[in-house]
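A.B. asks:
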């Protein structure tokens, strides 16, 4: 190796590359230009991010495009943002003359552009013909850089007002030997008007370099001076993702460092050591990634970078979920921001990773999420400012409730007006009867936004609420508040003192019960059963005297049921995960009428609750809210009296989308039943229970539902894991359960039914398709710990006639997906079976993307856990062609009628879980007798039959195992949508 001190830095930072030997890659782009020009296409549009090398690409056309009949002239429009057409044409004529080496007398245009301004046709009629005459049989290609700069209207390319664009369009029609290749520094969505103006010309993105070209850009400039180790090259590529500007910035700093340290070899540790310097030197290019974004896009961009940092090597959290943890409520601009960032090429196909690692690190350094979220408060309309002024006046007059109303109105206009949170919380505490719960909700959100600034306010509010609860003798609830204080500030003396007092008081209250219990236990050891019975009577009398109530003594000895705990000698359930109208599971969705209806429902004012819920049924997007529709029907049922009750169990705080889909089906069936007068004048009430798809919580919920004797049957649970955990409790109590979403074959029993096709049906359908399609060798990805995933794997394996190359555990922390797929492809595997449970669908999407990115060509098949819009959006092009076995499809002939009615009602598409939940509810309704009980329903369910007119499409009839007699449907992803694969017309 030569001495590193010899020579200047060969890496070019921020300048156009003119010399062909210094330019690397873009072969496909040059071939595209060559083919387009050969096809006589006169207008070819190039676009791309700033600093991606667009100008350098234009400069290379003369060297890289092997066409002798074309002459290329580069012209930069950078300084012509407000130039007249005549001025641009005059300078363009001068540039053409100079670049082609033509005689200066060819320019017969006036040196002043005034004459040309009045008659721009002189450029086309006088100047260009002389150019063509000199060129002979060659054609003129104008390479127009910064094309979008000219007369842009606030960054929008306008087809109506841009005289220069219109002039060029007419010029191309007149001039057969003229071709134009403009370059715009914009994204595809931003130049639709321009695209339309020029009759939808072909366009190509100047994007990131492929790996081969990026490697050459790293190695070639310093070849013979620096040697890059393979790990160093990989580290550079990981940082730059093939972006030429950032690749050059990294290598520029590596060269400087090597020169200073007199080294001739670059290692991966060298790369990591200069990252900060590379970021500093590339600030100009990095800033462009930020400056053109909307506030919502900037906040989401920072959230993605933060989520990646937190995740390290795991799949990053959804940015909107992370923002929620920071106290940010989801709005439409934030929802759209993620998709826009992906379309602009800032995020990868998962929409959860910044595509360029160097950009991500810069975001973490310079645009931290904690700072950026405050920009959301900048959405202050004039109306908000007027409300703030009004608040000042009302505060001076002491009108606290009016002040609260104003602040709540501000939140309607901007849910993320963070500075209002602690102020409004204080106002709720200032009320004559303080609203502690609302104040705490606001303080908690303010604490999420800024923990330091809002910590003390939250703690003081918790302590005030705790003291209030002590006064009301609600000691358990008070204990929870002070424990919450100590979770945040463990050494807080005031909370510790209150907690000690509460615990002492609880011990004091429980002492009489304990003494009675101890005495009885001693008696049990000393005396016969007869004597024990006598002692129990005496003990009961003692308990009545000591405690002051008429509670039977057996409560002191009887153990609590599963999911209960003993408080003051009583077995009580923990805070309820069940609601019939006394709480919402979607508190992040603002709905004042709903919240008022809940208060009326809790007070037993059912007519008022029904009226409020009726007003609240449609949410802020004017779409019916299924939870509120259920509560409306519940209130009407309570008002009428003697209602019938079913329960539905959903994962409300774990998967709100899945919950909404299930509730839509249940609510629609309930509403139909009640509107038609119910059964013998009795209306249906639905109890909603939340188990978070958590098996332990599912057991607790099941026990609570079993203990509630009014519940005649259960619809649920969502996941097979949760259903499996709860099923033994339902079996023991003899309560019927119909699952609309759990497919595992291990779920069975005399009281278990389901309206969804089992894994046996789905596995068989997929096996038949694979065999028929000659996919004779497959690999399976699944979760062996999931009843659903393992069951689907087992059923597919039973029916598949080909070879299963390997069964791979999706949850294995050491799993190298890329390596597994590449090895499978090398071993002639033809298809990948994706059987993830609901908690690991993101890994399946990752598999699809790795398959696409590496061009492995493996066919993808899977189960219904992947059948939702989120996976479609997340997978994007990687899931094109994916085959799924699903229980219901809205475009299937038998499903279209229900799909149409449901979509009209819910103002949007409905999922299979909506359909199967509708059918489950209808099956229960069909089984109701004159005076139904759990036992009568259990006896009638095996005999019911619902026609296709009564269901979501297929007949509902259960076989002796409680399975619905229906088949799975195969669908395929085509152009970003699910299409029926085997539906008969």
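In our numbering, the protein residues as written are 297 to 1281. From the three backbone atoms N, C-alpha and C, an ideal C-beta is built for every residue, glycine too.
1. Measuring straight from C-alpha to C-alpha, what distance separates residue 735 and residue 742?
2. Counting only runs of 3+ residues fully inside the region 936-1011, write out the beta strand (DSSP E) ranges in chain order.
3. Could you check if residue 1148 is buried or exposed, using at least 16 other CB atoms within 10 Å of its CB as the buried criterion?
4. Just list the alpha helix (DSSP H) runs in the region 311-367, keeping only unbroken ones of 4 residues or longer that don't cross its boundaries, in chain order.
5. Take every Cβ of the region 1231-1239, pair it with every Cβ of the region 1148-1159, and state whether three or more of those distances are shorter than 8 Å.
6. Is the beta carbon of residue 1018 closer than 7 Å to that of residue 983?
7. Leaving out five residues on either side along the sequence, give the residues of the same chain with a beta carbon under 7 Å from the beta carbon of residue 362.
8. How many angstroms separate the CA atom of residue 763 from the CA atom of residue 738?
9. Using a Cβ-Cβ cutoff of less than 8 Å, which residues in the same chain neighbour residue 508 once the five nearest sequence positions on both sides are dropped?
10. Measuring straight from C-alpha to C-alpha, what distance separates residue 575 and residue 308?
11. Nearest-angstrom Cα distance between residue 1057 and residue 1263?
12. Under 7 Å Cβ to Cβ from residue 963, same chain only, skipping five residues before and after it: list those, please.
13. Could you check what DSSP says for residue 718 in three-state terms: helix, strand or coil?
14. So what does DSSP say about residue 1053, is it helix, strand or coil?
15. Taking the alpha-carbon positions, what's the residue 530 to residue 652 distance?
16. Below 8 Å on the Cβ atoms is my contact criterion, and I expect residue 1217 with residue 961 to pass it. Report the Cβ-Cβ distance as a whole number of Å.
17. Helix, strand or coil for residue 1188, going by three-state DSSP, please let me know.
18. Within this structure, are the beta carbons of residue 350 and residue 479 separated by less than 7 Å?
19. Quick check on the burial criterion: 16 or more other C-beta atoms within 10 angstroms. Buried or exposed for residue 826?
20. Using the Cβ count rule (16 or more neighbours within 10 Å means buried), how would you classify residue 1273?
21. Starting from the Cα of residue 1004, find the closest Cα among 751, 1101 and 876 and give me that residue.
22. For residue 500, which of helix, strand or coil comes out of DSSP?
23. Which term fits residue 1186, buried or exposed, when burial requires 16 or more other beta carbons within 10 angstroms of its beta carbon?
24. Give me the Cβ distance between residue 545 and residue 577, rounded to the nearest whole Å; I'm assuming they're in contact under 8 Å.
25. Just how far apart, CA to CA, sit residue 834 and residue 939?
26. Please determine, among 464, 748, 1117 and 443, the residue with the shortest C-alpha to C-alpha distance to residue 417.
27. Taking buried to mean at least 16 other C-beta atoms within 10 Å of its own C-beta, is residue 1265 buried or exposed?
28. As a quick exercise: from 1113, 966, 647 and 561, pick the residue whose alpha carbon is nearest that of residue 601.
29. Starting from the Cα of residue 1138, find the closest Cα among 873, 1065, 645 and 733 and give me that residue.
30. Roughly how many angstroms lie between the CA atoms of residue 451 and residue 495, to the nearest whole one?
31. Specify, as a first and last residue, the run of the beta strand (DSSP E) that residue 477 falls within.
32. In whole angstroms, what separates the C-alpha of residue 732 from that of residue 613?
33. Mind checking whether residue 1259 and residue 975 have CB atoms under 7 Å apart?
34. Take residue 649 as the anchor and find which of 611, 660, 626 and 621 has the nearest alpha-carbon.
35. Could you say which of 1089, 1267 and 1071 lies nearest to residue 1121 if we only look at CA atoms?
36. For a minimum of 4 consecutive residues, which ranges assigned as the alpha helix (DSSP H) are wholly contained in the region 1201-1271?
C.D. replies: This is what the structure gives:
1. Here residue 735 corresponds to residue number 439 of the chain shown, with the count starting at 1. Here residue 742 corresponds to residue number 446 of the chain shown, with the count starting at 1. For residue 735 and residue 742, the distance between alpha carbons rounds to 10 Å.
2. 940-946, 980-986 and 1007-1011
3. Counting from 1 along the chain shown, the entry for residue 1148 is found at position 852. Buried: at least 16 other Cβ atoms inside 10 Å.
4. 323-334 and 350-360
5. no
6. For this step, residue 983 is matched to residue 687 along the chain shown. For this step, residue 1018 is matched to residue 722 along the chain shown. Cβ atoms of residue 983 and residue 1018: not closer than 7 Å.
7. Residue 362 sits at position 66 when you count from the first residue of the chain shown. Answer for residue 362: 330, listed in chain order.
8. Here residue 763 corresponds to residue number 467 of the chain shown, with the count starting at 1. Here residue 738 corresponds to residue number 442 of the chain shown, with the count starting at 1. In a straight line, the C-alpha of residue 763 is about 19 Å away from that of residue 738.
9. As a position in the chain shown, residue 508 is number 212, starting the count at 1. Annotation for residue 508: 321 place their beta carbon closer than 8 Å to its own, counting only its chain and skipping 5 residues before and after.
10. Your numbering for residue 575 matches position 279 in the chain shown. Your numbering for residue 308 matches position 12 in the chain shown. Cα-Cα distance, rounded: 15 Å.
11. Position 761 of the chain shown, counted from the start, is the residue given in the question as residue 1057. Position 967 of the chain shown, counted from the start, is the residue given in the question as residue 1263. Roughly 6 Å separates the two Cα atoms.
12. As a working note, residue 963 is residue 667 in the chain shown. 922, 925 and 926, listed in sequence order.
13. In the chain shown, residue 718 corresponds to position 422, counting from 1. Helix.
14. Reading the chain shown from its first residue, position 757 is the one you call residue 1053. Reduced to three states, the DSSP call for residue 1053 is coil.
15. As a working mapping, residue 530 is identified with position 234 in the chain shown. As a working mapping, residue 652 is identified with position 356 in the chain shown. Their Cα atoms are separated by approximately 14 Å.
16. Translated into positions along the chain shown, residue 1217 becomes position 921. Translated into positions along the chain shown, residue 961 becomes position 665. Contact holds; Cβ gap of about 7 Å.
17. Residue 1188 sits at position 892 when you count from the first residue of the chain shown. Residue 1188: coil per DSSP, three-state reduction.
18. In the chain shown, the residue the question calls residue 350 occupies position 54. In the chain shown, the residue the question calls residue 479 occupies position 183. Yes; because the gap between Cβ atoms is below 7 Å, this pair is in contact.
19. Residue 826 sits at position 530 when you count from the first residue of the chain shown. Low confidence applies here, because residue 826 scores a pLDDT of 44, under 50, leaving its location unreliable; read the following figure in that light. Classification for residue 826: exposed.
20. Stepping through the chain shown from its first residue, residue 1273 is reached at position 977. Counting Cβ neighbours within 10 Å, residue 1273 comes out exposed, since fewer than 16 surround it.
21. Here residue 1004 refers to the residue found at position 708 of the chain shown. Considering only alpha carbons, the answer is 876.
22. Position 204 of the chain shown holds residue 500. Here residue 500 sits in strand by DSSP.
23. Residue numbering aside, residue 1186 sits at position 890 when the chain shown is read from its first letter. Per the 10 Å Cβ criterion, buried.
24. Counting from 1 along the chain shown, the entry for residue 545 is found at position 249. Counting from 1 along the chain shown, the entry for residue 577 is found at position 281. Yes, they are in contact, since the Cβ atoms of residue 545 and residue 577 sit about 5 Å apart, within 8 Å.
25. Within the chain shown, numbered from 1, the residue matching residue 834 stands at position 538. Within the chain shown, numbered from 1, the residue matching residue 939 stands at position 643. With a pLDDT of 40 at residue 834, under the threshold of 50, the predicted position of this residue should be treated as unreliable, and no value is reported.
26. Reading the chain shown from its first residue, position 121 is the one you call residue 417. When each option's Cα is compared against that of residue 417, the closest is 464.
27. Working through the chain shown from its first residue, we reach residue 1265 at position 969. Its Cβ being crowded by 16 or more others within 10 Å, residue 1265 is buried.
28. Taking the chain shown and counting its residues from 1, one reaches residue 601 at position 305. Checked all of 1113, 966, 647 and 561; the closest Cα to residue 601 is 647.
29. As a position in the chain shown, residue 1138 is number 842, starting the count at 1. The shortest C-alpha separation from residue 1138 is found at 645.
30. As a working note, residue 451 is residue 155 in the chain shown. As a working note, residue 495 is residue 199 in the chain shown. Residue confidence is low: residue 451 scores 36 on pLDDT, short of 50, so the model does not pin down where it sits. No coordinate-derived value is stated.
31. As a position in the chain shown, residue 477 is number 181, starting the count at 1. Where residue 477 is concerned, the enclosing beta strand (DSSP E) stretches over 474-480.
32. Against the chain shown, residue 732 aligns to sequence position 436. Against the chain shown, residue 613 aligns to sequence position 317. Cα-Cα distance, rounded: 32 Å.
33. Numbered from 1 along the chain shown, position 963 holds the residue referred to as residue 1259. Numbered from 1 along the chain shown, position 679 holds the residue referred to as residue 975. In this structure, residue 975 does not lie closer than 7 Å to residue 1259 by Cβ.
34. For the purposes of this step, residue 649 is taken as residue 353 along the chain shown, with counting starting at 1. Taking only the C-alpha atoms, the option nearest residue 649 is 611.
35. Walking along the chain shown from the start, residue 1121 turns up at place 825. That would be 1071, whose Cα lies nearest to the Cα of residue 1121.
36. 1208-1222 and 1230-1236
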